[in-house]
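Chains A and B, in that order, are what the protein sequence lines are.
With this note's numbering, letter number 238 in the first sequence gets 238, and the count goes up by one each step, no holes.
With this note's numbering, letter number 23 in the second sequence gets 23, and the count goes up by one each step, no holes.
2 protein chains.
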Amino acid sequence: MEYTASPKPQLSSRANAFSIAALMSSGGSKEKEAAENTIKPLEQFVEKSSCPQPLAEPSLDSQADFGAGGGSPSSSSSLCTEPLIPTTPIIPSEEMAKIACSLETKELWDKFHELGTEMIITKSGRRMFPTIRVSFAGVDPEAKYIVLMDIVPVDNKRYRYAYHRSSWLVAGKADPPLPARLYVHPDSPFTGEQLLKQMVSFEKVKLTNNELDQHGHIILNSMHKYQPRVHIIKKKDHTASLLNLKSEEFRTFIFPETVFTAVTAYQNQLITKLKIDSNPFAKGFRDSSRLTDIERE
Amino acid sequence: MEYTASPKPQLSSRANAFSIAALMSSGGSKEKEAAENTIKPLEQFVEKSSCPQPLAEPSLDSQADFGAGGGSPSSSSSLCTEPLIPTTPIIPSEEMAKIACSLETKELWDKFHELGTEMIITKSGRRMFPTIRVSFAGVDPEAKYIVLMDIVPVDNKRYRYAYHRSSWLVAGKADPPLPARLYVHPDSPFTGEQLLKQMVSFEKVKLTNNELDQHGHIILNSMHKYQPRVHIIKKKDHTASLLNLKSEEFRTFIFPETVFTAVTAYQNQLITKLKIDSNPFAKGFRDSSRLTDIERE
DNA sequence: AGATTGACACCTAGGTGATAAATT
DNA sequence: AATTTATCACCTAGGTGTCAATCT
């Protein structure tokens with residue numbers, strides 16, 4: 001007598017893995033099933049870049065700190081010694097060059113980055129914490145934009161954590177690359193007007209270590225280091241496909257303070273503590289509430 | 001130290017009240033603030049129809065039962081003696097005329113309809129139960145469609161419930177009409193392909209009695225009888241506005257078994273019982289679980 | 001007297017890290 | 001020995017009807 005199920009499937013979220021063609025033709029993000037068969041990493045049509053064979057060049061992308069907020073950039077990137085993803089030398093159009101993107105949650109990201117951010121990955125998918133939240137400036141209020149995210153390897157290494165030293169060590173060469181996935185923000189396409197007044201939050205993106213994931217989650221290798229990236233694409237009126245997307249039509253933003261190591265269980269106890277203290281869903285593990293656990297017995 | 005708030009507002013849902021112009025120009029449903037000032041009932045540009053001055057003509061709309069499911073239509077409409085909203089004589093294009101819409105949750109709606117469906121309305125907004133869920137057939141897989149819903153008065157009366165007789169009585173003339181609102185399905189625009197394989201569920205629509213509601217909920221008068229309607233609009237490639245929308249470009253579907261009376265508290269106890277037994281969120285009030293309440297003491 | 005409101009207990013739904021067991 | 005998995009208690013977030021208090 002309980003009515004929850006439904007004869008036809010209902011896509012609850014519009015955020016999924018996508019083929020590039022589907023991305024631009026529908027402007028949305030709902031081609032769940034079709035996408036699995038036609039996944040193409042962003043790099044493939046952007047330019048040959050870092051994803052499968054990351055370069056070791058430690059050159060900071062010029063766009064990376066562009067509008068990264070009013071905080072002190074030195075403090076957030078001071079410990080960031082690993083080579084960053086070199087964003088390929090894009091020649092944006094004058095119009096796209098005006099776009100700025102800032103990381104809204106920079107203060108919290110900085111705290112994690114100082115300790116060495118870790119993100120749990122699970123078979124069913126785990127959210128990121130902190131969440132990537134960005135604001136845009138310089139967009140055309142009348143235009144439409146697709147905002148998306150991906151996560152690319154920082155280097156070609158596999159890591160392990162030395163508990164006795166409380167530090168990360170290189171443990172060898174990276175595992176084979178996994179199918180790259182784009183997370184198109186489910187509210188895409190945005191109007192420029194919306195982007196100017198709203199923040200774009202990637203809170204619903206999920207990370208998994210399941211190579212066969214069917215949910216469109218981003219697939220990562222455990223014990224590898226990753227860099228999230230945010231992309232914005234200006235949507236042409238009815239270009240049927242993105243296959244012929246030109247480099248002037250999109251921008252990529254990288255925030256070095258969002259680098260993290262994918263793990264199946266937290267390694268650094270300080271990271272665990274900071275997660276518990278700052279993530280509302282982990283409130284049950286905070287010191288103050290754990291004292292009252294005894295009282296409940 | 002807890003990070004949940006954000007400097008800029010983030011629209012969590014894209015479903016809101018809309019101006020028609022905003023509806024078609026963006027194809028989305030996000031003009032939250034602007035919409036409050038430019039609300040126009042669908043009727044206003046569709047045709048002069050029922051909303052403020054409902055007709056008393058008990059003519060069943062020809063589209064109403066069109067594809068209303070495989071159930072027995074006689075049982076669901078047999079008790080439906082109140083005059084239905086006469087959908088104005090639309091002349092759809094050949095293409096739009098092919099579109100069929102069926103109510104997926106018809107069996108449950110029938111059960112409620114036999115008792116006289118009631119829907120709670122609150123200041124903060126209350127979901128409908130059952131939920132309106134529809135499937136479409138005959139759409140062009142390559143086209144894009146906006147799917148929306150509204151709720152119009154069934155008649156010009158105000159009702160009251162006679163407890164001793166367990167029946168509804170006419171209590172006078174209807175209260176002044178409230179600002180009409182459209183609920184654009186948050187996944188709009190849909191591709192025809194999506195509509196053919198997915199169901200469209202209006203589970204997130206909320207009803208309120210707050211005339212000053214700022215959340216885009218549908219505003220209703222308590223103790224009045226209403227008819228939900230589902231509309232589908234074929235989106236032209238980049239028609240900037242819907243102001244010049246022609247009747248051939250959309251279709252309206254009405255399911256008589258979804259008529260309900262808006263209430264601030266349930267009147268018919270049989271309705272209360274059926275809600276408790278069929279809505280998962282009311283499981284705590286079911287007979288079986290209420291027996292175990294005693295055990296918990 | 002009828003209708004409305006707000007606090008409440010009880011759910012669904014799902015995001016946390018802890019933990020022990022399983023895997024490699 | 002290191003890593004991964006499944007289960008769990010404990011949260012957030014929010015959808016239910018109930019009930020007593022309030023409004024009109």
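All C-beta atoms in this analysis are idealised placements derived from N, C-alpha and C, irrespective of residue type, glycine included.
Only a predicted model underlies this, so the values are computations on that prediction, with no experimental measurement involved.
Quick check: the Cα distance between Thr-122 (chain A) and Glu-257 (chain A), rounded to an integer number of angstroms? 23 Å
Quick one: give me the first and last residue of the beta strand (DSSP E) that Leu-207 (chain A) is part of. 206-208
Can you grab the Cα-Cα spacing for the pair Phe-129 (chain B) / Lys-275 (chain A), in whole Å? 38 Å
Consider the C-beta atom of Asp-187 (chain B) and the heavy atoms of the ligand PLP; say whether any pair is separated by less than 7 Å. Here there are no bound small molecules, and the ligand PLP is not part of this structure.
In the DSSP assignment, find the unbroken alpha helix (DSSP H) run with Glu-95 (chain A) in it and report its ends. 94-97
8 Å Cβ cutoff met for Asp-175 (chain B) and His-217 (chain B): no
Other residues of its chain near Arg-301 (chain B): CB distance less than 8 Å, five sequence neighbours each side excluded: What is shown of chain B runs 1 to 297, which leaves residue 301 (chain B) out entirely.
Between the CA atoms of Ile-271 (chain A) and Lys-111 (chain A) - distance to the nearest angstrom: 9 Å
Cβ-based burial, Ala-262 (chain B) [other Cβ within 10 Å; buried from 16]: buried
Taking DSSP as the reference, what is the three-state secondary structure of Leu-274 (chain B)? helix
Once DSSP output is grouped into helix, strand and coil, what is the label at Ala-282 (chain B)? helix
Tell me whether the beta-carbon of Leu-178 (chain B) lies closer than 8 Å to the beta-carbon of Phe-136 (chain B). no
As an exercise, report each continuous beta strand (DSSP E) stretch of at least 3 residues that is fully enclosed by the stretch 99-165 of chain A, in chain order. 100-103, 118-120, 133-137, 144-153, 157-162
Could you compute how far the alpha carbon of Gly-172 (chain A) sits from the alpha carbon of Lys-157 (chain A)? 6 Å
Rounded to whole angstroms, what is the Cα-Cα separation between Asp-287 (chain A) and Ala-143 (chain A)? 49 Å
Rounded to whole angstroms, what's the CA-CA distance from Ala-282 (chain A) to Lys-273 (chain A)? Just pull it up for me. 10 Å
Give me, in chain order, the residues of the same chain whose beta-carbon lies closer than 7 Å to that of Ser-78 (chain A); leave out the 5 immediate sequence neighbours on both sides. Caution is warranted here: a pLDDT of 29 is assigned to Ser-78 (chain A), below 50, making its placement in the model unreliable, and no coordinate value can be reported.
Short check: CB of Arg-181 (chain B) to CB of Ile-219 (chain B), under 8 Å? yes
My output table needs one value for Asp-287 (chain A): the three-state DSSP class, helix, strand or coil. helix
State the DSSP-derived secondary structure class of Thr-258 (chain B), mapped to helix, strand or coil. helix
Between the CA atoms of Glu-107 (chain B) and Ser-93 (chain A) - distance to the nearest angstrom: 56 Å
Backbone CA spacing between Glu-36 (chain A) and Tyr-183 (chain A) [nearest angstrom]: Note on Glu-36 (chain A): pLDDT 32, under 50, position unreliable in the model; the coordinate value appears next. Approximately 13 Å between the Cα atoms of the pair.
Using alpha carbons as the reference points, say which of B:Lys-197, B:Thr-264, B:His-231, B:Asp-277 lies closest to Ser-124 (chain B). B:Thr-264
Just checking my contact of Asn-268 (chain A) with Ser-166 (chain A) at CB under 8 Å: how many whole Å lie between their CB atoms? 7 Å
Beta-carbon proximity check, Glu-211 (chain B) vs Ile-233 (chain B), cutoff 8 Å: no
Put Gln-214 (chain B) into one of helix, strand or coil per three-state DSSP. coil
Cα-Cα separation between Pro-228 (chain A) and Val-259 (chain A), rounded to whole angstroms: 7 Å
Could you tell me the alpha carbon to alpha carbon distance between Asn-279 (chain B) and Asn-221 (chain B), rounded to whole angstroms? 24 Å
Pro-153 (chain B) and Glu-193 (chain B): beta carbons closer than 8 Å? no
Does DSSP put Lys-197 (chain B) in a helix, a strand or coil? helix
By alpha-carbon positions, which one of B:Thr-252, B:Val-134, B:Tyr-266 ends up nearest to Tyr-163 (chain B)? B:Tyr-266
Compare the beta carbon distance of Ser-201 (chain A) and Arg-133 (chain A) with 8 Å and say whether it is the shorter of the two. yes
Local conformation of Gln-267 (chain A) per DSSP, three classes: coil
Determine whether the beta carbon atoms of Pro-186 (chain B) and Lys-204 (chain B) lie at a separation below 8 Å. yes
How would you call Leu-169 (chain A), buried or exposed, if buried means at least 16 neighbouring beta carbons within 10 angstroms? exposed
Can you tell which of A:Gly-284, A:His-215, A:Phe-255, A:His-231 has the C-alpha that lies nearest to the C-alpha of Leu-148 (chain A)? A:His-231
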